[in-house]
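Colleague: In this text, residue positions in the sequence shown follow the numbering used here: the first is 78, and each later residue adds one. One structure follows; several queries about it will come next.
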Amino acid sequence: MLIRPRRLRVTQSIRDMTAETRLSPSMFVYPVFVREGHNIIEDIPAMPGQKRYSPDTLPRVLERAVKNRIGGVLMFGIPEHKDDEGSEAWRDDGAVQTAIRTAKREFPDLTVIADVCLCEYTSHGHCGLLNGNKVDNDSTLEVLAKAAVSHARAGADIVAPSDMMDGHTAVIRSALDAENFADTLIMSYAVKYASAFYGPFREAAGSAPSFGDRKSYQMDSRNVREAVKEALLDVEEGSDIIIVKPGMPYLDVLKTVKDAVNVPVASYCVSGEYSMIKAASERGWLDERRIATEAAFCLARGGADIIITYHALELSEWIRE
Ligand code: PBG
Ligand code: ZN
Numbered sequence: 078m079l080i081r082p083r084r085l086r087v088t089q090s091i092r093d094m095t096a097e098t099r100l101s102p103s104m105f106v107y108p109v110f111v112r113e114g115h116n117i118i119e120d121i122p123a124m125p126g127q128k129r130y131s132p133d134t135l136p137r138v139l140e141r142a143v144k145n146r147i148g149g150v151l152m153f154g155i156p157e158h159k160d161d162e163g164s165e166a167w168r169d170d171g172a173v174q175t176a177i178r179t180a181k182r183e184f185p186d187l188t189v190i191a192d193v194c195l196c197e198y199t200s201h202g203h204c205g206l207l208n209g210n211k212v213d214n215d216s217t218l219e220v221l222a223k224a225a226v227s228h229a230r231a232g233a234d235i236v237a238p239s240d241m242m243d244g245h246t247a248v249i250r251s252a253l254d255a256e257n258f259a260d261t262l263i264m265s266y267a268v269k270y271a272s273a274f275y276g277p278f279r280e281a282a283g284s285a286p287s288f289g290d291r292k293s294y295q296m297d298s299r300n301v302r303e304a305v306k307e308a309l310l311d312v313e314e315g316s317d318i319i320i321v322k323p324g325m326p327y328l329d330v331l332k333t334v335k336d337a338v339n340v341p342v343a344s345y346c347v348s349g350e351y352s353m354i355k356a357a358s359e360r361g362w363l364d365e366r367r368i369a370t371e372a373a374f375c376l377a378r379g380g381a382d383i384i385i386t387y388h389a390l391e392l393s394e395w396i397r398e
C-alpha cells in the first residue's frame, strides 16, 4: 500500500485545517524609535518604511498597531544629549518615558514594552558604564535598574533589558519590587548574539559603539550551549519572558532554548533581517509579503511564542486576508 502524506496538501482548505503552525497578530511586537523633540517623523534610510517619531507623533503609528490588535510595541529612545553614564535613560521626562505616558493615556489596552539599555544614551555607545576601555558589568547594573524603574513609573507594562550584563534581571526585579512595580514584567534579552545583523538598527538609533565592539558582553555566534546557560539564569533570576536574538539565522538556538525553559520565548527578527528583505524586494528579487510571512512562520515553527518584527503591522494585515 502506498502511504500518501501528499493527501494533506490537496486543497488550500485542508492545508489550512491541518497546518502545524499558526500566526496571530497577538504574537507580534512592533519595535518603534522614539526621538526627543516635537512634531518629528523622520525616515530611517537603512530601514525603508521605518521611522523615528517624537512622543507627540508616535500615536499615529500606535493607532495602526491597536487597530491590528498586535501583541505590543517595543520602544527605543533616541535622546538629544548623551553622556558617559547615559543619564537620559532614567530621566522621567525622557523621550521614551513621555511616549509611554502618551501611549497609555490614548491606548490603555496597548501593551507597552520599554527597551532598557544604555547604548542609545551613552556618548561612547556601549551598553554599559566604562572603566577605562572596558564595560564594567557590576556598576552598570544599578544604572539599568534606575532606567527600568523610570520606565515602569511612566507606565510600561514590560521592561526589556537588552544590555547583556550578568545579573541584570535579578537587580531589575528587586528594584521594581522595591518601588511597588511587582506587576511589571521583565522580558529579558537573555540570549543576544554579537551580530552584524544589527547594523541598520545602530544607524536608526545612533547607537554604534565609538570604539571596539560588543563581543565582551554579547554572545559568540559559534555557541549554542551557552544560550541555554544564559536563558536558564535569566529565568531563575525572574524573567517572565526571554528573547532570543537575532531571529532566522538562529533558529537552532531558538529551538534549543525553547525546549530548555518554561517561560514564553520571543524571537527578535532584527533590523538586518528586515533590511535584507526590503532591499531584495525593492530590486524585484524577492516578494516582500511572501518572504516576510514565510519568515514569521519559520520563527513560530522554531518555537517563538512571540515574534518581534519590523513587519509586525503589515504581517497582521496580511495574515488576516
Ligand atoms: C541595544 C539594542 C540593539 C538591538 C536591540 N537593542 C542593538 C545592539 O545591541 O547593537 C538590535 C535590534 C535590531 O537590530 O533590530 N542594546
Ligand atoms: Zn545596548
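Cβ atoms here follow ideal geometry from the backbone N, Cα and C, with glycine treated the same way. It should be emphasised that the depicted structure is a prediction, and the values quoted were computed from it without experimental measurement.
In the DSSP assignment, what residue or residues form a beta bridge with residue 402?
Modeller: Because the chain spans 78 through 398 in this model, residue 402 falls outside it and cannot be assessed.
Colleague: Counting beta carbon pairs with one atom in the stretch 340–351 and one in the stretch 374–384, are three or more of them shorter than 8 Å?
Modeller: yes
Colleague: Could you tell me the boundaries of the alpha helix (DSSP H) in which residue 119 lies?
Modeller: Within the sequence shown, the letter at position 42 stands for residue 119. Careful: residue 119 lies outside any alpha helix (DSSP H), inside the beta strand (DSSP E) at 118–120.
Colleague: Leaving out five residues on either side along the sequence, give the residues of the same chain with a beta carbon under 6 Å from the beta carbon of residue 241.
Modeller: The sequence position of residue 241 within the sequence shown is 164, counting from 1. Closer than 6 Å at Cβ, skipping near neighbours: 269, 294, 295.
Colleague: Note down, one range per segment and in chain order, each beta strand (DSSP E) of at least 3 residues found wholly within the stretch 136–167.
Modeller: Taking only runs of at least 3 residues, the beta strand (DSSP E) segments lying wholly in the stretch 136–167 are 149–155.
Colleague: Is it true that the CB of residue 232 sits closer than 7 Å to the CB of residue 306?
Modeller: Taking the sequence shown and counting its residues from 1, the one referred to as residue 306 is at position 229. Taking the sequence shown and counting its residues from 1, the one referred to as residue 232 is at position 155. Contact flag unset, no.
Colleague: Excluding the 5 residues preceding and the 5 following residue 157 in the sequence, name in chain order all residues of the same chain whose CB lies nearer than 6 Å to its CB.
Modeller: Stepping through the sequence shown from its first residue, residue 157 is reached at position 80. The answer, listed in chain order, is 113.
Colleague: Since I believe residue 290 is in contact with residue 271 (beta carbons under 8 Å), could you give me their beta-carbon distance rounded to a whole number of angstroms?
Modeller: Here residue 271 refers to the residue found at position 194 of the sequence shown. Here residue 290 refers to the residue found at position 213 of the sequence shown. Their Cβ separation, rounded to whole angstroms, is 7 Å, which keeps residue 271 and residue 290 in contact under 8 Å.
Colleague: Would you say the beta carbon of residue 226 comes nearer than 6 Å to a heavy atom of the ligand PBG?
Modeller: Here the question's residue 226 lines up with position 149 in the sequence shown. False, no ligand heavy atom lies under 6 Å from that Cβ.
Colleague: Taking the runs of the alpha helix (DSSP H) that are 4 residues or longer, which of them lie wholly in the stretch 242–308?
Modeller: 245–255, 276–282
Colleague: Please report the straight-line C-alpha distance between residue 185 and residue 142, rounded to a whole angstrom.
Modeller: Counted from its first residue, the sequence shown places residue 185 at position 108. Counted from its first residue, the sequence shown places residue 142 at position 65. C-alpha separation (whole angstroms): 13 Å.
Colleague: Per DSSP, which residues does residue 107 bridge with? Please list them.
Modeller: Locating residue 107 in the sequence shown gives position 30, counting from the first residue. Its beta-bridge partners are 150.
Colleague: Quick one: what does DSSP say residue 177 is sitting in, helix, strand or coil?
Modeller: To locate residue 177, count along the sequence shown from 1; it is residue 100. Residue 177: helix per DSSP, three-state reduction.
Colleague: Kindly give me the distance between the Cβ atoms of residue 149 and residue 189, rounded to whole angstroms, as I take these residues to be in contact under 8 Å.
Modeller: Within the sequence shown, residue 149 is the residue found at index 72, counting from 1. Within the sequence shown, residue 189 is the residue found at index 112, counting from 1. Right, their Cβ atoms sit about 7 Å apart.
Colleague: Where does residue 386 sit, in a helix, a strand or coil, going by DSSP?
Modeller: As a working mapping, residue 386 is identified with position 309 in the sequence shown. Looking at residue 386 - three-state DSSP - the assignment turns out to be strand.
Colleague: CA-CA distance, residue 422 and residue 99?
Modeller: A question about residue 422 goes unanswered here, because the residues of the chain that appear run from 78 up to 398.
Colleague: Hey, how far is the Cα of residue 278 from the Cα of residue 245?
Modeller: Counting from one through the sequence shown, the residue named residue 278 turns up at place 201. Counting from one through the sequence shown, the residue named residue 245 turns up at place 168. When the Cα atoms are used, residue 278 and residue 245 turn out to be separated by approximately 22 Å.
Colleague: Any residue with its Cβ nearer than 5 Å to a heavy atom of the ligand ZN should be included. What is that list in chain order?
Modeller: 194, 196, 204
Colleague: What is the DSSP secondary structure of residue 198, reduced to helix, strand or coil?
Modeller: On the sequence shown, residue 198 is found 121 positions in, with the first residue counted as 1. Looking at residue 198 - three-state DSSP - the assignment turns out to be coil, as it is neither helix nor strand.
Colleague: Measure the C-alpha to C-alpha separation of residue 310 and residue 363 and round it to an integer number of angstroms.
Modeller: The count along the sequence shown starts at 1 and reaches residue 310 at position 233. The count along the sequence shown starts at 1 and reaches residue 363 at position 286. The C-alpha of residue 310 lies about 40 Å from the C-alpha of residue 363.
Colleague: Considering only their Cβ atoms, is the gap separating residue 327 from residue 127 smaller than 7 Å?
Modeller: By 1-based counting over the sequence shown, the position of residue 127 is 50. By 1-based counting over the sequence shown, the position of residue 327 is 250. No.
Colleague: Just to confirm, is the Cβ distance from residue 167 to residue 211 under 7 Å?
Modeller: Position 90 of the sequence shown, counting from 1, holds the residue named residue 167. Position 134 of the sequence shown, counting from 1, holds the residue named residue 211. No, these two residues do not count as a Cβ contact at 7 Å.
Colleague: Within the same chain, show all residues whose beta-carbon is closer than 6 Å to that of residue 252, passing over the 5 residues directly before and after it, in chain order.
Modeller: Along the sequence shown, one-based indexing puts residue 252 at 175. So the qualifying residues of the chain are 222, 226.
Colleague: What are the residues that DSSP puts in a beta bridge with residue 396?
Modeller: As a first step, residue 396 must be located in the sequence shown, where it is residue number 319. Answer is none; residue 396 lacks a bridge partner.
Colleague: Measure the C-alpha to C-alpha separation of residue 352 and residue 125 and round it to an integer number of angstroms.
Modeller: Locating residue 352 in the sequence shown gives position 275, counting from the first residue. Locating residue 125 in the sequence shown gives position 48, counting from the first residue. Each residue's alpha carbon lies about 7 Å from the other.
Colleague: Check whether the Cβ atoms of residue 137 and residue 110 sit closer than 7 Å, and answer yes or no.
Modeller: Walking along the sequence shown from the start, residue 137 turns up at place 60. Walking along the sequence shown from the start, residue 110 turns up at place 33. Not in contact: residue 137 and residue 110 (Cβ atoms no closer than 7 Å).
Colleague: Could you please give the first and the last residue of the uninterrupted beta strand (DSSP E) stretch that includes residue 123?
Modeller: To locate residue 123, count along the sequence shown from 1; it is residue 46. Counting along the chain, residue 123 falls outside any beta strand (DSSP E), and DSSP gives it neither H nor E.
Colleague: Report yes or no: is there a C-beta of chain B within less than 7 Å of the C-beta of residue 205?
Modeller: The structure shown contains no chain B, having only a single protein chain.
Colleague: DSSP state of residue 339, grouped into three classes?
Modeller: On the sequence shown, position 262 is the one that residue 339 refers to. Residue 339: coil per DSSP, three-state reduction.
Colleague: Less than 7 Å separating the beta-carbons of residue 201 and residue 287?
Modeller: As a working note, residue 201 is residue 124 in the sequence shown. As a working note, residue 287 is residue 210 in the sequence shown. Yes, they are a contact pair.
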